[in-house]
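In what follows, a structure is listed as structure tokens, so that the remarks can point back to it.
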Amino acid sequence: MTAEYEGAEYTPVDAASWTLRDEETRRFVSSATGRVSSLVRSTLGPNGLDAQIETLDNVDEPETIHTTDAAEILDAIERGGGFSHPVAALFVDSVDAMQRGLGDGSTTAIVLADALVREGIDLIESGVHPSTVVVGYSMAAARAGTVLDALASEVDPDDEELLRRVAATSMTADIADPTREAYATQVAEVVRDLSRVGDTDWIDTDDAKVLADRAATGDRYRGIVVRRYPGPLDESEEAKREFDWSTLDPMTDATVALCDREIDFERTALSFGEGQDSGVELATTEGVSAYTEGLDRRIAAAAERLVDLGVDVFVSQPEIDEGIERTFEARGIIVVDGVKYPRVDVYRLARATGGTVVDDLDDLTPDRLGTVGSLSERRVGDEKWTFFDDCDGGVFTLVVGTGTDTASAEHERLLEDALEVTATAVTDRQALPEAGAPAMAVASALRAYAPSVSDKEQLAIEAFADAMETIPRTLARNAGADRLDALVALRGAHARSDGEDPASIGLSADGEPIDAWEAGIVAPRRVFSQAIETARAIAEQLLTVDAVLHPGVDLGTFRPEPERD
-13 MTAEYEGAEY TPVDAASWTL RDEETRRFVS SATGRVSSLV RSTLGPNGLD AQIETLDNVD
47 EPETIHTTDA AEILDAIERG GGFSHPVAAL FVDSVDAMQR GLGDGSTTAI VLADALVREG
107 IDLIESGVHP STVVVGYSMA AARAGTVLDA LASEVDPDDE ELLRRVAATS MTADIADPTR
167 EAYATQVAEV VRDLSRVGDT DWIDTDDAKV LADRAATGDR YRGIVVRRYP GPLDESEEAK
227 REFDWSTLDP MTDATVALCD REIDFERTAL SFGEGQDSGV ELATTEGVSA YTEGLDRRIA
287 AAAERLVDLG VDVFVSQPEI DEGIERTFEA RGIIVVDGVK YPRVDVYRLA RATGGTVVDD
347 LDDLTPDRLG TVGSLSERRV GDEKWTFFDD CDGGVFTLVV GTGTDTASAE HERLLEDALE
407 VTATAVTDRQ ALPEAGAPAM AVASALRAYA PSVSDKEQLA IEAFADAMET IPRTLARNAG
467 ADRLDALVAL RGAHARSDGE DPASIGLSAD GEPIDAWEAG IVAPRRVFSQ AIETARAIAE
527 QLLTVDAVLH PGVDLGTFRP EPERD
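Counted from 1, the sequence shown has number 144 at position 158 by our numbering; the numbering is strictly sequential.
In structure tokens, the structure reads:
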């Protein structure tokens, strides 16, 4: 059917074919948040189960991931093709942007955001305006902050036992208790030491590195461990045979020089008899001999200069020519080259030893040299590890042994997250009891607060309280306990307290009520506070959507571009 408009023909557009409105929109939104939440809900708490994801690695090779970490699950899904649902993609991107860097709390944020969206949609469909829900949620979140202030306790950076509890609580993966305790002790010691060496209250966890390998033995080093192996682009047996597997003899109190550029002794252009401006002509045997002798003299002079500076160890990011290495070692200088996987290792080594990385040997001066208290090497599996230990700088390395390569990757992530979480507790100087206790304390306080609000925001505050109880209900479900019985018991315990003195009662791994403080189940206050804020912000963003317009786009096949790094 066509019609005329100022002399031109046009075809009427049926907007209904590419528009979702009102109830359809709300279903579209809630189905997305519900499905994303279902992907990670079973990982929450100490009884969380592993998720297995068949995905692609960073070079698009097939990869299988086993993890209980929500952020890792969502990242693996993104690498494998991402979320085709536009609301799901928006939901995941928002959680990632707001939770990035905390090391914990993503599952709580996702489960809570989904609950707030569902509770909010129920209110909207009962006649409450979306803006009223948003205002009520903001009031509830503000009151939640007050409750958490009362529930939180101060963290002393030197309280190693409290730091150990924070680290252990963050490790929800299925690992043996002795292993968890050993890891937690190592993390607590590193974070304590990092807090002592820094000039500010902020702890830089980039100065703590985790290495896990099935052939490694666990230990903690004040310094770094350099891993070297045959080039990653050549995994052939020939490459392994040609690699220098010899290990240096242990040494102490060594002076270190650091370089991040290739050593170049070719100072003049080379000519084969055709150029007049070349410094050396290689047209004759005498020319070649003169060139070789000159090159050897420059290499020997460089080695003598290092000796005069008192250098014991020369560390190079690029690999060094064998002839140069032999000359240096003949003068008693140990060469550690190929420190380039990852490239930042040479700069971390500079921070550890107090040295300065140079790009030319002529730039080396006594004040640019570093010192290492203990230096040793050993072969670990198909790699050679060099241990720079007992350094004065505030750089640390945790090494742990695991049973498989898959476990190595998982345990590295586990310890890295534990470092982030424990450092957050020390930086903020605040911790909360965990095990669902903060969620129940907030829910109880909100129910007491809601009647004082006379407008419809009261309903949104009560809905916020209901959403908070999703956390302990999920913990009870994952523990195999009766969710209603657990919730009734928790409500009773928290009803006997108030917002001024909230209870620290949560759920044990068996789903029974416990005092989380006394049980040592502790987490940084910021982890739960940020989860609430993330969930509230996402709910506000999604509950105010009343239409989805998709002209020319088939929602069934649409694949949004992810914005996550």
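Glycine is no exception: its CB is placed at the ideal position from the N, C-alpha and C atoms.
- Query: ARG317 by DSSP, collapsed to three states: which one?
  - Reply: Within the sequence shown, residue 317 is the residue found at index 331, counting from 1. ARG317 falls in the coil class under three-state DSSP.
- Query: Where does GLN262 sit, in a helix, a strand or coil, going by DSSP?
  - Reply: Stepping through the sequence shown from its first residue, residue 262 is reached at position 276. The predicted model places GLN262 with a pLDDT of 48, which falls under 50 and marks its position as unreliable; any figure quoted below should be read in that light. Of the three classes helix, strand and coil, the one that applies to GLN262 here is coil, per DSSP.
- Message: What would DSSP say about SER490, mapped onto helix, strand or coil?
- Response: As a first step, residue 490 is located in the sequence shown; it is residue number 504 there, counting from the start. Three-state DSSP puts SER490 in coil, outside helix and strand.
- For VAL297, which of helix, strand or coil comes out of DSSP? Within the sequence shown, residue 297 is the residue found at index 311, counting from 1. VAL297 carries a coil assignment under DSSP once its states are collapsed to helix, strand and coil.
- Query: Sorted by chain position, which residues of the same chain lie with C-beta nearer than 8 Å to SER394's C-beta, five sequence neighbours on each side aside?
  - Reply: Position 408 of the sequence shown, counted from the first residue, corresponds to residue 394. Excluding five sequence positions before and after SER394, the CB atoms of its chain that fall closer than 8 Å to its own CB belong to ALA198, ASP199, ARG200, THR388, given in chain order.
- Measure the alpha-carbon distance for GLU260 versus GLU248 and round it to whole angstroms. Along the sequence shown, read from residue 1 onward, the residue named residue 260 stands at position 274. Along the sequence shown, read from residue 1 onward, the residue named residue 248 stands at position 262. Bear in mind that a pLDDT of 45 at GLU260, under 50, signals an unreliable position, so the model cannot answer this.
- In whole angstroms, what separates the C-alpha of ALA411 from that of ASP145? Position 425 of the sequence shown holds residue 411. Position 159 of the sequence shown holds residue 145. Their backbone Cα atoms lie some 11 Å apart in a straight line.
- May I ask which residues mark the beginning and end of the alpha helix (DSSP H) holding ASP331? Mapped onto the sequence shown, residue 331 falls at position 345. Here the alpha helix (DSSP H) through ASP331 covers 331 to 339.
- Task: Taking VAL103 and LEU528 to be in contact with their CB atoms under 8 Å, please state how far apart those CB atoms are, rounded to whole angstroms.
- Result: For the purposes of this step, residue 103 is identified with residue 117 of the sequence shown, where counting begins at 1. For the purposes of this step, residue 528 is identified with residue 542 of the sequence shown, where counting begins at 1. Sure, about 6 Å apart at Cβ, within 8 Å.
- Item | Stretch-stretch touch, CB-based, cutoff 8 Å, three pairs: the region 152 to 165 with the region 340 to 354 | no
- Item | Helix, strand or coil at PRO143 according to DSSP, with G and I counted as helix | The residue labelled residue 143 in the question sits at position 157 within the sequence shown. Under the three-state reduction of DSSP, PRO143 is assigned to coil, being neither helix nor strand.
- For LEU180 and GLY380, believed in contact at Cβ under 8 Å, the rounded distance: The residue given as residue 380 occupies position 394 in the sequence shown. The residue given as residue 180 occupies position 194 in the sequence shown. That pair is a contact at about 6 Å.
- Message: Within a Cβ cutoff of 6 Å, which residues of the same chain sit near GLU402, ignoring the five residues on either side of it in sequence?
- Response: Taking the first residue of the sequence shown as position 1, residue 402 is located at position 416. Excluding positions up to five away in sequence, the list reads VAL196.
- C-beta atoms of ASN33 and ALA517 nearer than 8 Å: The count along the sequence shown starts at 1 and reaches residue 33 at position 47. The count along the sequence shown starts at 1 and reaches residue 517 at position 531. It is not a contact, given that the beta carbons lie outside the stated cut-off.
- Task: State the CB to CB distance for the pair ILE210 and LEU335, rounded to an integer number of angstroms; the pair is presumed to be in contact (CB under 8 Å).
- Result: Along the sequence shown, read from residue 1 onward, the residue named residue 210 stands at position 224. Along the sequence shown, read from residue 1 onward, the residue named residue 335 stands at position 349. Taking the Cβ atoms as the reference, ILE210 lies roughly 5 Å from LEU335, within the contact range of under 8 Å.
- Item | First through last residue of the alpha helix (DSSP H) which encompasses GLY131 | Position 145 of the sequence shown, counting from 1, holds the residue named residue 131. Run containing GLY131: 116 to 137, per the alpha helix (DSSP H) assignment.
- Query: Taking three-plus beta-carbon pairs below 8 Å as touching, is the region 511 to 526 in contact with the region 111 to 131?
  - Reply: yes
- Message: With H, G and I counted as helix, E and B as strand and the rest as coil, what does DSSP make of GLY387?
- Response: Locating residue 387 in the sequence shown gives position 401, counting from the first residue. Here DSSP, grouped into helix, strand and coil, assigns GLY387 to strand.
- Message: Could you pull the DSSP bridge partners for VAL508 from this structure?
- Response: Numbered from its first residue, the sequence shown carries residue 508 at position 522. DSSP, once it has assigned bridges, lists PRO419 as partnering VAL508.
- Item | Segments of 3+ residues assigned as beta strand (DSSP E) that fall wholly inside the region 7 to 78 | 37 to 42, 48 to 53
- Query: Counting along the chain, where does the beta strand (DSSP E) carrying ALA244 start and finish?
  - Reply: Residue mapping note: residue 244 aligns to position 258 of the sequence shown, counting from 1. In the sequence as presented, Ala is not what sits at residue 244; that position holds Leu. Where LEU244 is concerned, the enclosing beta strand (DSSP E) stretches over 237 to 245.
- Message: DSSP three-state label for VAL211, please.
- Response: Working through the sequence shown from its first residue, we reach residue 211 at position 225. In this structure, VAL211 counts as strand in the three-state DSSP scheme.
- Message: Tell me which residues share the same chain as HIS480 and place their Cβ nearer than 8 Å to its Cβ, disregarding the 5 neighbours each side in the sequence.
- Response: Mapped onto the sequence shown, residue 480 falls at position 494. Hits under 8 Å: MET426, ALA427, ALA429, SER430, PRO488, ALA489, ILE491.
- Query: Can you give the Cα-Cα distance for GLU406 and ARG512, rounded to whole angstroms?
  - Reply: As a first step, residue 406 must be located in the sequence shown, where it is residue number 420. As a first step, residue 512 must be located in the sequence shown, where it is residue number 526. Rounded to the nearest angstrom, the gap between the Cα atoms of GLU406 and ARG512 is 12 Å.
- Message: If contacts are defined as beta-carbon pairs under 8 Å, then ASP368 and TYR215 qualify, I think. What distance do you get, rounded to the angstrom?
- Response: Taking the first residue of the sequence shown as 1, we reach residue 368 at position 382. Taking the first residue of the sequence shown as 1, we reach residue 215 at position 229. Contact holds; Cβ gap of about 6 Å.
- Which of the three DSSP states, helix, strand or coil, is assigned to TRP503? Residue 503 sits at position 517 when you count from the first residue of the sequence shown. TRP503 falls in the helix class under three-state DSSP.
- From VAL81 to ALA168, what does the alpha carbon distance come to, in whole angstroms? Within the sequence shown, the letter at position 95 stands for residue 81. Within the sequence shown, the letter at position 182 stands for residue 168. If I take the Cα positions, the gap works out to 31 Å.
- Simplified DSSP assignment, three categories, for SER80: Numbered from 1 along the sequence shown, position 94 holds the residue referred to as residue 80. Here SER80 sits in helix by DSSP.
- In the structure shown, what three-state DSSP assignment does LEU361 receive? The residue given as residue 361 occupies position 375 in the sequence shown. Strand at LEU361.
- Item | C-alpha distance - ASP298 paired with THR271, whole-angstrom precision | As a first step, residue 298 must be located in the sequence shown, where it is residue number 312. As a first step, residue 271 must be located in the sequence shown, where it is residue number 285. Roughly 37 Å separates the two Cα atoms.
- Item | Proximity below 8 Å, CB of ALA18 to CB of ALA74 | Here the question's residue 18 lines up with position 32 in the sequence shown. Here the question's residue 74 lines up with position 88 in the sequence shown. Yes, Cβ-Cβ distance for ALA18 and ALA74 is below 8 Å.
- Neighbourhood of VAL366 by C-beta distance below 6 Å, restricted to the same chain and skipping five residues each side: By 1-based counting over the sequence shown, the position of residue 366 is 380. Exclusion of the five residues before and after VAL366 leaves ASP199, ALA201, ALA202 as the residues of its chain whose Cβ lies within less than 6 Å of its Cβ.
- Secondary structure of ASP375, DSSP reduced to three states: For the purposes of this step, residue 375 is identified with residue 389 of the sequence shown, where counting begins at 1. Strand.
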